[in-house]
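Right, one structure below, let's go through it.
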Ligand SMILES: [Zn+2]
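Here it is, written out as structure tokens:
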């Protein structure tokens, strides 16, 4: 079977980074001042205001800062319950997203890695979307 | 160096008025707003034609609702400006009215906040910089993550954090303008509908509508209308800030609160320990424990023990959210920051009845808004 395309190819890729070749990488950016950010944007640096912004591949690994099980969700197209978390990437930026895997074990400080999971896009076509899961589970 | 409010002409709150915060109804925003404005005028002892400028705070109503409402008081031709600053719309409107009066450009200015529940689309999403799963994050989801981190950092339990809701519902039960006016036990609060993380529905601000109005005045403007300062409350400082980059980016609400409060207290020449009454942005229980620490009302990590000791109760060292706060009084968005000023004024006048903080002399109002922005005002009894 063919591998479905990525749901948000502007934000991540299936291929890993040099540091974490086994984990899908995130597509961030870096400013000439050294500020590393996610996602990539070209408007200007939040730290220094500079516009010399370059793409930077970020490793799909980090530490869990917090998580929460969501029991009620107002938006359409996503059914509760699901679990969300905030993760500080090894490369610096903090991301907030959905968590997969062994949810009972979640606690701040836990090592987390990226994974691609099958989803459907708005038209129902199969896609792969990025999630974080506890490492080694 | 630029001036601060306190170095300009003294500014007072001379009148307050509300329409009760309530669940969405068929009442028009015009009805809501006029009720609050007429109450504020009556409270101040002023007639509408004396008002020289109007600041209309709203976040959800469509473009330019101000004149369509205010004309029913008599179309005096006064300047009207609309202020939108998310949850802090009312606080921002109040700040700008204070600046106009302090600068001497007006003597008597109206601040009114009105809103009704409407669908909204955060402008941040229009920037075209989408995140990994933006659609999965409602405001309560953001604060559920903060609650998890707060618990891990301080050892507080879900039950501990829910005690904020017990206190604020108790206060709201004594406020005739509150959306929720019912005391709730900890068991009732924890047994409610689960929302996210440890939050149940009674730990989250309700969606609703309402209105609040205050009259901002100079002494000269009041005297010209034959009114003295006996019921006036002085605005000692006004601070507004927006989010910077912080070491722990997830705690931007608390960091922003800390720096904005520090500025407002310094400009007023007081310290957090001097405060008798505080109204803060407690849309979710965890915010109160985060913010009382960020403001310096207690040391880091001590909010829960201090809450349990009754320090933040009415009658305690500093009453926090005696109105019931956003959790019980409600958060109709545009009115909320104006309503906080109304509650602090009522407390500093000693007119808060059975929710009066004894001998209240100094009060602080705090709002954060999506974006993120933050406003803090310090008010003092005259
Ligand atoms: Zn930079």
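Residue numbers (my numbering), protein chains in the order written: chain E, 122 to 258; chain F, 75 to 456. Ideal Cβ positions, reconstructed from N, Cα and C, are used throughout, including at glycine.
In the assembly as shown, residue 311 of chain F is a buried residue. Its beta-carbon has 16 or more other beta-carbons within 10 Å. The Cβ atoms of residue 338 of chain F and residue 157 of chain F do not sit closer than 8 Å to each other. Interface residue (Cβ-Cβ distance to chain E less than 8 Å): residue 222 of chain F is classified as such. Of all residues in the stretch 204–215 of chain F, the ones placed with a Cβ closer than 9 Å to any Cβ belonging to chain E are 204, 205, 206, 207, 208, 209, 210, 211, 212, 214, 215, in chain order. Secondary structure of residue 403 of chain F (DSSP, three-state): coil. For residue 219 of chain E, the neighbours in chain F by C-beta distance under 9 Å run, in chain order, 206, 207, 210. Contacts between residue 324 of chain F and chain E, judged by CB atoms closer than 9 Å, involve 186, 187, 207, 209, 215, 217 in chain order. Contacts with chain F at 8 Å (Cβ-Cβ) include residue 167 of chain E.
For residue 162 of chain E, the nearest CB of chain F lies under 8 Å from its own CB, placing it at the interface with that chain. Within the chosen limit of 7 Å, ligand 1 reaches the beta carbon of residue 168 of chain E through at least one heavy atom. Rounded to the nearest angstrom, the Cβ distance from residue 360 of chain F to residue 221 of chain F is 4 Å, consistent with a contact under 8 Å. Cα atoms of residue 262 of chain F and residue 162 of chain F: separation of roughly 30 Å, rounded to the nearest angstrom.
Straight-line spacing of the CA atoms in residue 330 of chain F and residue 391 of chain F works out to 24 Å. Taking residue 143 of chain E as the centre and dropping the five residues before and after it, the same chain places the C-beta of 137 closer than 7 Å to its C-beta, in chain order. When DSSP assignments are scanned along the stretch 215–246 of chain E, the uninterrupted stretches of beta strand (DSSP E) that are 3 or more residues long and fall wholly within it turn out to be 215–219, 232–241. Inclusion of residue 126 of chain E and residue 252 of chain E in the CB contact set at 8 Å is not warranted, their separation being larger than that value. Of the candidates F/136, F/145, F/297, F/251, F/251 places its Cα closest to the Cα of residue 410 of chain F. As the crow flies, the alpha-carbon of residue 244 of chain F is around 36 Å from that of residue 321 of chain F. Boundaries of the beta strand (DSSP E) harbouring residue 156 of chain F: 154–157, taken from the DSSP string. Contact between residue 129 of chain F and residue 98 of chain F does not hold, since the beta-carbon distance rounds to 25 Å and is not under 8 Å. Not one heavy atom of ligand 1 is found less than 7 Å from the C-beta of residue 323 of chain F. With respect to the 8 Å criterion, residue 117 of chain F and residue 89 of chain F are classified as neighbours on the basis of their beta carbons. Residues of the stretch 250–271 of chain F with a Cβ closer than 9 Å to any Cβ of chain E, in chain order: 267, 268, 269, 270, 271. Annotation for residue 119 of chain F: 301 place their beta carbon closer than 6 Å to its own, counting only its chain and skipping 5 residues before and after. Nearest to residue 102 of chain F by C-alpha distance, out of F/442, F/283, F/394, is F/283.
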